[in-house]
Amino acid sequence: DLRKTAGLDIADRIRVNYSASEGLAEAIEANKAYIQREVLAEKLESAQPDGSMAINESEFYSEKLVVGLSKAQ
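By our numbering, the letter at position 29 of the sequence shown is numbered 44, and the numbering carries on one by one without gaps.
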């Protein structure tokens with residue numbers, strides 16, 4: 016849904032920044048290559064999403080995640 020919010024096509028290559036609680040950050044890093052392939056991300060970085068990105072904030076099971084994405088250049 017975040018791709019739609021950003022006005023991106025499903026086939027567009029993207030850049031993803033995320034800020035996550037410790038447990039989620041560890042899981043993301045452990046599965047980074049898989050996640051990148053699945054979402055077509057050229058970059059997947061642990062960094063605060065910037066103002067040019069479509070941003071989603073989620074919380075589940077006391078874990079917090081902020082994801083930002085933009086079209087890769």
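C-beta atoms are modelled at their ideal positions from N, C-alpha and C, and glycine is treated no differently.
Are Arg18 and Ala87 closer than 8 Å when you measure CB to CB? no
For Arg30, is the classification buried or exposed, using 16 other Cβ atoms within 10 angstroms of its Cβ as the cut-off for buried? buried
N- and C-terminal bounds of the alpha helix (DSSP H) containing Ala39: For the sequence presented, residue 39 should be read as Leu rather than Ala. Leu39 -> alpha helix (DSSP H) spans 37-45.
If you run the structure through DSSP and keep just helix, strand and coil, what is Leu23? coil
Counterpart residues of Ser85 in DSSP-defined beta bridges: Arg30
Would you call the stretch 30-40 and the stretch 52-61 in contact, with 3 or more CB pairs under 8 Å? The stretch 30-40, when compared against the stretch 52-61, does touch it at the 8 Å Cβ threshold.
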